[in-house]
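Peer 1: Mapped onto this note's numbering, the consecutive letters of the sequence shown carry residue numbers 0 to 418. For each residue, glycine too, the CB sits at the ideal point set by N, CA and C. Predicted model, so just to flag it, every value in this text is computed and none were measured. One structure, pasted below without further comment.
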Amino acid sequence: MTWGATLVVPQAIEWKTSISHSATSLNYGILLQGFGGIFAVPLIDAYGRLPLWLYPQLVTLFVVVGCIYAQSWSVFTALRALQGLFGTVPQVIGLPIIHDMYAPRDWPRYINIWGTTFLIGPFLFPALAGYILSGTGSWRDSFRVLAGFYGLSSFLIFAFGRETYYKSTGKQPTNRVKALIGIGNTDLPKRQTLLASTLNIIKLTLTPPILLVGISTMVNFTWPIGITTTVDSFVRAPPYLFDDVADASIRFAGVIGALLGFAFGYFFNEWIYNGSGGKRKTHWRSEYRLHGVWFPIASMVCGLLTYGLTLHYGKSWVGLAFGWVMVNVGLVGSTVAITAFALEKYPNQSTVVSAIINMWRTCGGFAVGYFQPSWIAKDGLAAVFATQAAVVAVCVVMLIGGTIVLGRRASKAKGDTSA
């Protein structure tokens, strides 16, 4: 969705609106990413992974083609909303595919890889879009390239995608044509499965551990996504006055931060399971994964303060980049820990868990573009970003800490004296 984040200035000029208003074209799509995943879950449960992997991708391809030829901000924004609604489904399917294909001991490693790849996207691809804008002078050319990416991914899914819902038997139990249209992938009664899956989503969403880590995910994502969607309005203005190339290039700070978050998650998940002389492995609880949020969230808090104070005092763009790196270390590191916990806690609910976390992740970030400009105008940059840092710190202690306490109590109730 954030592909267009570096294109809001030429769009604002073309459609004669402000940069901050132009940037809100992303917001509805970001919000609907969450609900698109939720709507897809019953269909995935009833018809399998493969058809819900392919067809929303094809729909998104045609929606992006429509964006290329949009002649007004309203039409463009509506199409971007549809892009978010349909384009998010592959993100939801990733986690259940990991569940289907790999042993539980390997889940954290592959979640780390999967999560990092799609969390790098919101920073890497706006940079690419900005470079295309600089080279061609047309934001529509950037969307032509995006349409090409969707076309390529749709082809790869069609050519190489396989259904993973069934148990590992060495071969797909139904032929490719039937699998692509959802016949024989699950062998479940469709109507009953759709109803049961819908009720299961509601039930699991309100389950205390998932509810607590979900709200924490929303808070953790709100401010990093806010930076991604609003940074143009800061770096294009004095004292920075970035051009298209500079605006695109600063996005690599987010990429670097995401990769560092990946590295932290990789080593932490190995250490937390195998460390302490094997004691934790013997008396393992899923909540141990959540201890992987403390360092990333501390990094995010420091990053928000660095970013905000740099803007407040008009210091070098290096401060913005460094702050963004620290924020994204927190974004990726905390997401990997929370996702690994949720999948281990509810291993038979991988699709629902993935969709719920995806919903919480997108619900926070979409709104920042609406309220942050007026908030900054009222209270100033330093106060706004300091408040954001405080909200992140307090929420993670209360919500993640509360989840860990609930897990410890449940373990003691089952008679695990080591808990």
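In three-state terms, what does DSSP make of R250?
Peer 2: Looking at R250 - three-state DSSP - the assignment turns out to be coil, as it is neither helix nor strand.
Peer 1: Under 7 Å between the Cβ atoms of C66 and F142?
Peer 2: Yes, Cβ-Cβ distance for C66 and F142 is below 7 Å.
Peer 1: Around the C-beta of F61, are 16 or more other C-beta atoms found within 10 angstroms, so that it is buried, or is it exposed?
Peer 2: Classification of F61: exposed, given that the 10 Å Cβ count is below 16.
Peer 1: Who are the Cβ neighbours of M325 in its own chain at under 7 Å, not counting the five residues just before and after it?
Peer 2: Here the set comprises G256, S298, M299, C301, G302, T305.
Peer 1: Quick check on DSSP: helix, strand or coil for R108?
Peer 2: It is helical.
Peer 1: Go ahead and pull the three-state DSSP assignment for A418.
Peer 2: Here the model assigns A418 a pLDDT of 48, short of 50, so the residue's position is not dependable, and the following value carries that caveat. It is coil, neither helix nor strand.
Peer 1: Checking 7 Å against the spacing of the C-beta atoms, do L211 and T402 come in under that value?
Peer 2: A contact, by the Cβ cut-off of 7 Å.
Peer 1: With the cut-off set at 7 Å, would you say W447 and G253 are in Cβ contact?
Peer 2: Residue 447 falls outside the range modelled here, since the chain spans only 0 to 418, and no answer is possible.
Peer 1: Evaluate contact between the region 308-321 and the region 228-239, counting only Cβ atoms and requiring at least three cross-stretch pairs below 8 Å.
Peer 2: These segments touch.
Peer 1: Should G368 and T228 be called a contact, given that it needs their Cβ atoms to be closer than 7 Å?
Peer 2: Result yes, Cβ atoms of G368 and T228 sit closer than 7 Å.
Peer 1: Please name the residue in V331, N184, S153 whose C-alpha comes closest to that of V292.
Peer 2: Cα-wise, what sits closest to V292 is V331.
Peer 1: Could you name the residues of the same chain whose beta carbon sits closer than 6 Å to that of R284, not counting the 5 residues immediately before and after it, in chain order?
Peer 2: Once the five neighbours on either side are set aside, the close Cβ partners of R284 are G406, S410.
Peer 1: With distances taken between CB atoms, is the gap from I110 to A339 smaller than 7 Å?
Peer 2: Yes. Within cutoff.
Peer 1: Per DSSP, what kind of secondary structure is Q191 in: helix, strand or coil?
Peer 2: Helix, per DSSP.
Peer 1: I need the straight-line Cα distance from Y68 to A392, nearest angstrom please.
Peer 2: Y68 and A392: Cα-Cα distance of roughly 44 Å.
Peer 1: Secondary structure at Y164, three-state DSSP: helix, strand or coil?
Peer 2: It is coil, neither helix nor strand.
Peer 1: Counting beta carbon pairs with one atom in the region 39-59 and one in the region 360-379, are three or more of them shorter than 8 Å?
Peer 2: Contact fails: fewer than three Cβ-Cβ distances are below 8 Å.
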